[in-house]
Amino acid sequence: MKHIVRTGATIALVAVLVLGASATVVSAEKVDVERDGQEVEVDNGNVEFEDTDADLDFEVSDGNVDIESSGVSIEQRDGDVEVENDRNDLDFETSNDGDEVDAESQDLEIEQRDDAVEVEEENLDYDRQDDDNVNIESESGPIDIEIDADGETEVETDDGDVEDDREGELEVDRDDLDYENDGDGDVEWEHNETDIEQEERALEVSTQSGLDFESDGEGRIEFRDGDTDIEIDGRSVDIEGRDDFDVEVDESGRATSSTNDTDG
């Protein structure tokens, strides 16, 4: 089993010859480790990990996150977020630290733009424009509508509830979904396939298939999916992949790549 570590213009080739652990340690601005369809590149704090067998492409560049993994994609640009999941046709987008939302999943669509809100589902269309005019349409009853003196609106149907306080707070509850936006950058989307929580620039995503992603928006990132476990804290990186693939880079750029393979 061969282990390739590239640092700058130098290429070091390490072969595992005995049982137990073998490791190579290098110090450089750029680290490139490749083995068995898995490759890690670390360059001045930017990180890319690719596993062709697992259909995974993970990249962090200048603090921006791009992940594609088995039908799930995550993009994070400061306070702008996009999450897609093919399993439930989910396309979830936010901008301006969660103040604006555009989410679509199967028979549901939620849009929030400034002071406007629109919720569309199979049996309900709730539409409030900037002038606070509200239009509510339902294909079939029963439907219960309540509007209080402050304009807060609650709509109940057999399929779910919509609560709109007209100040940025919005809740949509269904059997398979719980959506909340507190109007202050905290957005939650809980679905039987995908859970998303954004708090301004912090983001958490988890899926029924086992993917788990967390970013505090300040440079700390954790990602787990299948055999892959990635932790990034500033310039330090720890990546564990298939078949004991393990690469660590500390804050100073010192890199350690090790394997516990038993093959000669």
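Start counting the sequence shown at 2; every next residue gets the next number (the working numbering).
Note that CB positions come from ideal geometry on N, CA and C, so glycine has one too.
Residue 152 versus residue 129: straight-line alpha-carbon distance, rounded | Roughly 11 Å separates the two Cα atoms.
Residue 116 by DSSP, collapsed to three states: which one?
-> Coil, per DSSP.
Residue 97 versus residue 81: straight-line alpha-carbon distance, rounded = Residue 81 has its alpha-carbon roughly 6 Å from the corresponding atom of residue 97.
Compute the Euclidean distance between the alpha carbons of residue 40 and residue 237, then round it to the nearest angstrom.
-> If you draw a straight line from the Cα of residue 40 to the Cα of residue 237, it is about 17 Å long.
Taking one C-beta from the region 92-112 and one from the region 70-81 each time, how about it: are there three or more such pairs within less than 8 Å?
-> Using a C-beta cut-off of 8 Å, the region 92-112 makes contact with the region 70-81, since at least three inter-stretch Cβ pairs fall below that distance.
In whole angstroms, what is the alpha-carbon distance linking residue 191 and residue 175?
-> Between residue 191 and residue 175, the C-alpha separation is close to 10 Å.
What did DSSP end up calling residue 88 once you bin it into helix, strand or coil?
-> Judged by DSSP in its simplified three-state form, residue 88 adopts helix.
Contacts around residue 61, its chain only, beta-carbon distance under 7 Å, and the 5 residues preceding and following it disregarded | Cβ neighbours of residue 61 beyond the five flanking positions: 47, 48, 222 and 233.
From residue 255 to residue 34, what distance separates their C-alpha atoms?
-> Using only the alpha carbons, I get a separation of about 13 Å.
Are residue 250 and residue 84 closer than 8 Å when you measure CB to CB?
-> Residue 250 places its beta carbon 8 Å or farther from that of residue 84.
Decide if the region 101-110 is in contact with the region 137-156; the criterion is three or more beta carbon pairs, one per stretch, under 8 Å apart.
-> A contact between stretches requires three or more CB pairs, one per stretch, nearer than 8 Å, and the region 101-110 fails this requirement with the region 137-156.
Using alpha carbons as the reference points, say which of 172, 89, 68 and 142 lies closest to residue 118.
-> Checking every option, the nearest Cα to that of residue 118 belongs to 172.
DSSP-derived helix/strand/coil call for residue 23 | Unreliable placement is indicated for residue 23, whose pLDDT of 41 sits below 50; the coordinate value is still reported in the next sentence. Looking at residue 23 - three-state DSSP - the assignment turns out to be strand.
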